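Numbering (full-length UniProt numbering), first residue to last: 44 to 468.
Where a beta carbon is used, it is the ideal one built from N, C-alpha and C, also for glycine.
Quick caveat, the model's predicted, so the values are computed rather than measured.
Data first, discussion second: the structure below is written as structure tokens.
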Amino acid sequence: PRSARSAAAGDVRVGGVSLTETADRFGTPVYVLDEREVRERCRTYRTAFPEADVVYAAKAFLSRAMLRWVREEGLGLDVCSAGELELAVATGFPPEKIVMHGNAKSPEDLRAALGLGVGRIVVDSDSEITRLAAVVPADGRQKVMVRVVPGIAAGGHAKVRTGTDDQKFGLSITDGSAEHAVARILDQPHLELVGLHCHIGSQIASVQPYVTAVRRVVDLMARIRDQHGVALPQLDIGGGHAIAYRPGEESLNAGVLAGRVRAELEDGCARAGLPVPRLTLEPGRAIVGPAGVAVYRVLAVKRTGEHTFVAVDGGMSDNPRPALYGVRYAPRLVGRPSAVPPRLVTVVGRHCEAGDVLAEDVALPGDVHPGDLLAVPAAGAYHLSMASGYNLVGRPPVVAVSDGTARVLVRRESLDDMSRRDIGL
Ligand code: LLP
């Protein structure tokens, strides 16, 4: 994070708190979350898009405190399950500022969305229209958007590309499914179509795919106006904005994105004679990713013929991203100075697979040894939220730091937590 500062003794402070002290006090592995940075990132989006609704994608990281921060900063919320939705509403998040997603919403998801009164449900399939229309109360009218697929390949990894026609999300513009879904929804008295949605992928570092997406969706809005006589008032362009995981990597600048998207939207609407729809954005990673640091303790150092393996006390159970997407992190030694020249090492986790690798070919001081602490930047998004119970090591705690104080937001998962659900004999 920006607030991290190297002190002379090799210590690193985040939010005014020493990572070494945090590791000693709360144990390792530990996720450290810089509250001020989260709030600043929310403000960056609000400033870049003052005319838009910015909704935070809860899947990146969800906790009661995080919900409070984003709410206080004026953001809405994107959820994709009854669980995410219920936690949000239970902490006082206004349901009308919540957008519900999902390519396969369960009956419980739809019931929770309707029962708690979410602002918008983003319809993802033809079958969902039928199922949703059947459960909206007779005296109700639910606002919906249609998730459309603009046919764009963008995103940091094949597994997070959602803008192409041949994947599971949304309804294709190219093959006419999007228009068909729009027509069906307009026929439903208890569904109110407020706009179109598209989320083209994740970890996208360039603005061009967003501009192309806006152009294609505005073209579709014009056809909808021609066919049905309705000008849809809203356009949600999803999230997916890239962050830097390692020094030198590119991130997507919210201000640059805002300028280009606004220009395309205004031009496109002027050409088509459409009123400019109200924009929604759904950043997740860009809000919380850079605000988190994962801190591990080194447990073993091993030299093989070709490699030096530095093994830490966490791994693929608290960060599946290297194994899933081939992402490479940049761990660094914290807590002590070292004048020993660096050498290239492979940082591995503690789990029972050779693929449990956090970082390959990273330079660490040659004297790195058991007991040392390694900090992994950009660990705020899709780490805890994707953590698993593999090997029953227990998921790490989340510690918020701000103005020199640290407090636990989510405690470490204990064996008791994990064994409680194991009730058969
Ligand atoms: N909106 C929708 C409809 C989404 O599906 C997502 C992410 C977002 C917004 C937020 O995207 P973001 O701004 O965070 O990129 N587990 C993967 C990322 C999966 C993203 C899924 N959808 C990873 O760790 O890279």
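query	result
Buried versus exposed, by CB contacts within 10 Å (16 or more), LEU416	buried
Alpha carbon of GLY194 to alpha carbon of ILE216, nearest angstrom	7 Å
Those runs of the beta strand (DSSP E) which lie wholly inside the segment 70-97 and span at least 3 residues	73-77
ALA100 beta carbon near the ligand LLP (any heavy atom closer than 6 Å)	yes
Contact test: TYR425 Cβ vs the ligand LLP heavy atom, cutoff 6 Å	yes
Cβ-heavy atom distance, ARG321 to the ligand LLP, below 6 Å	no
Contact check, ALA406 vs GLU78, beta carbons under 7 Å	no
ARG259 versus SER245: straight-line alpha-carbon distance, rounded	19 Å
Near the ligand LLP: ARG364 beta-carbon under 6 Å from a heavy atom	yes
Close Cβ partners of MET143 (< 6 Å) along its chain, the five nearest in sequence each way excluded	VAL122, ALA156, VAL161 and ILE164
Identity of the residues DSSP links to ILE247 by a beta bridge	HIS284
Any non-hydrogen atom of the ligand LLP within 6 Å of GLU325 CB	yes
Contact test: HIS412 Cβ vs the ligand NAD heavy atom, cutoff 6 Å	Inclusion of the ligand NAD in the displayed structure is not the case, the ligand content consisting of the ligand LLP alone.
Entirely enclosed beta strand (DSSP E) segments - the segment 420-447, minimum 3 residues	441-445
Span separating the alpha-carbon of ALA354 from that of ARG393	7 Å
Member of GLN185, GLU403 and VAL319 whose CA lies at the smallest distance from the CA of LEU387	GLU403
Closer than 6 Å: ALA430 CB and nearest the ligand LLP heavy atom	no
Within 7 Å, strictly: CB atoms of VAL390 and LEU401	yes
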